[in-house]
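The structure under discussion appears below in the form of structure tokens.
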Ligand SMILES: [Zn+2]
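In our numbering, the protein residues as written are 2 to 388.
Rendered as structure tokens:
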């Protein structure tokens, strides 16, 4: 159980909120402090007898790696991101963490400095207990709110037998979520003077057919392709540009599409069925795929899922609710690296919104669940390995 006091955890959480760590790629004018929060985390962990260091992913973009335990046995990774979204439009002071009853307010309080505080407190408690066979490692990563270069870097350099993420989940256990794919569609027309209906062909009109075709495909096909935990597949057009002037038939038009994918889908099928839709309505248009992230799904029979479930039952007297998410998280990166991964995090409100707060009692419960799960997992995984 928690060996540091609740007020220490609260002070840790408030200190983390006080250090702005807005993602510098997402909001360049606000983001200049990821290194400061990483240095703070390293200092705090060292003070609590946890080995910790900064690992730079890129200049100015730090992960914190920390470890506790004797290393003689399995490894459990706990992961949370240090960056936050920006503060524009916020209706509270983003970096002055006001406490009101159980609520702690501030940018990143819920998403996810609460999760950072929970895993740091877990490591400190385990270090104080002094008898960890195996290892608990912390991945405090940068850049989750943009393109997750932190988690990508971490799994390249560290191994683990399981991972728990602490994105806010209202203490529900997340074992699946959707992925996404980004692509660009380009339609070609024939440029001509605006008066020359006999020569010109508008790429924008052609793109109109593509947009309608993709919308039909989304509503009639993708919406019927659904899974229990994560819901249906979907897609939408996020950006459009085209044309050169009011009096010219548009030679080119482009859209950017986002396809949200579900765990049972196959990426090459996903691409080819969209390409087919595009060719059917606007032959000769080009589709370029430029980024994708896999969906996430963890087998419910994994030891980490069972151990987390048992710890939850011990502490709360009921089974945890198992859920899936429509959006993407770093969990997919760990799972894809071959590390069975689950997510459980605190309760709160207002992620990426004008007012954000986290329920502090849920942060404490989250921490206790992590400590209990870590202890059980390291013991049982070790026994399985020895048999
Ligand atoms: Zn988050």
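Even glycine gets a Cβ: it sits at the ideal position worked out from N, Cα and C.
Residue i in three-state terms, based on DSSP
i: residue 8; result: helix
i: residue 224; result: helix
i: residue 213; result: helix
i: residue 99; result: coil
i: residue 198; result: coil
i: residue 360; result: strand
i: residue 155; result: helix
i: residue 206; result: helix
i: residue 374; result: helix
i: residue 180; result: strand
i: residue 125; result: helix
i: residue 290; result: strand
i: residue 116; result: helix
i: residue 67; result: strand
i: residue 393; result: No answer is possible for residue 393: it lies beyond the span of the chain, which begins at 2 and ends at 388.
i: residue 89; result: coil
i: residue 3; result: coil
i: residue 309; result: helix
i: residue 218; result: helix
i: residue 330; result: coil
i: residue 44; result: helix
i: residue 141; result: strand
i: residue 81; result: strand
i: residue 23; result: strand
i: residue 273; result: helix
i: residue 53; result: strand
i: residue 248; result: coil
i: residue 130; result: helix
Cβ-based burial, residue i [other Cβ within 10 Å; buried from 16]
i: residue 250; result: buried
i: residue 207; result: buried
i: residue 328; result: exposed
i: residue 1; result: The first residue shown for the chain is 2 and the last is 388, placing residue 1 beyond what the model contains.
i: residue 386; result: exposed
i: residue 265; result: exposed
i: residue 308; result: buried
i: residue 211; result: buried
i: residue 294; result: buried
i: residue 287; result: exposed
i: residue 246; result: exposed
i: residue 326; result: buried
i: residue 166; result: buried
i: residue 158; result: exposed
i: residue 23; result: buried
i: residue 355; result: exposed
i: residue 8; result: exposed
i: residue 57; result: exposed
For residue j and residue i, the rounded distance between their alpha carbons
i: residue 395; j: residue 196; result: Limits of the chain in this structure are 2 at one end and 388 at the other, which puts residue 395 out of reach.
i: residue 6; j: residue 127; result: 14 Å
i: residue 73; j: residue 117; result: 26 Å
i: residue 374; j: residue 284; result: 55 Å
i: residue 135; j: residue 170; result: 28 Å
i: residue 52; j: residue 68; result: 5 Å
i: residue 94; j: residue 107; result: 7 Å
i: residue 365; j: residue 379; result: 21 Å
i: residue 357; j: residue 76; result: 33 Å
i: residue 262; j: residue 270; result: 11 Å
i: residue 180; j: residue 298; result: 10 Å
i: residue 346; j: residue 280; result: 44 Å
i: residue 275; j: residue 224; result: 14 Å
i: residue 131; j: residue 35; result: 31 Å
i: residue 14; j: residue 99; result: 11 Å
i: residue 349; j: residue 103; result: 10 Å
i: residue 322; j: residue 173; result: 5 Å
i: residue 215; j: residue 230; result: 25 Å
i: residue 115; j: residue 97; result: 15 Å
i: residue 153; j: residue 334; result: 7 Å
i: residue 1; j: residue 367; result: The chain is shown only over 2 to 388; residue 1 falls outside these bounds and no answer can be derived.
i: residue 40; j: residue 55; result: 7 Å
i: residue 25; j: residue 86; result: 9 Å
i: residue 82; j: residue 341; result: 18 Å
i: residue 202; j: residue 300; result: 52 Å
Residues that DSSP places opposite residue i in a beta bridge
i: residue 335; result: According to DSSP, which records beta bridges pairwise, residue 335 is partnered with nothing at all.
i: residue 174; result: 323
i: residue 191; result: 202
i: residue 393; result: With the chain covering 2 to 388 only, the question about residue 393 has no answer from this structure.
i: residue 106; result: 358
i: residue 298; result: 177
i: residue 136; result: 76
i: residue 281; result: Its beta-bridge partners do not exist; DSSP assigns none.
i: residue 455; result: Nothing about residue 455 can be read from this structure; the chain reaches only from 2 to 388.
i: residue 62; result: 59
i: residue 368; result: Note: residue 368 sits in no beta bridge, so no partner.
Kindly provide the chain-ordered list of residues whose Cβ lies closer than 6 Å to any non-hydrogen atom of ligand 1.
-> Residues flagged by the Cβ proximity filter: 82, 112, 113, 145, 168.
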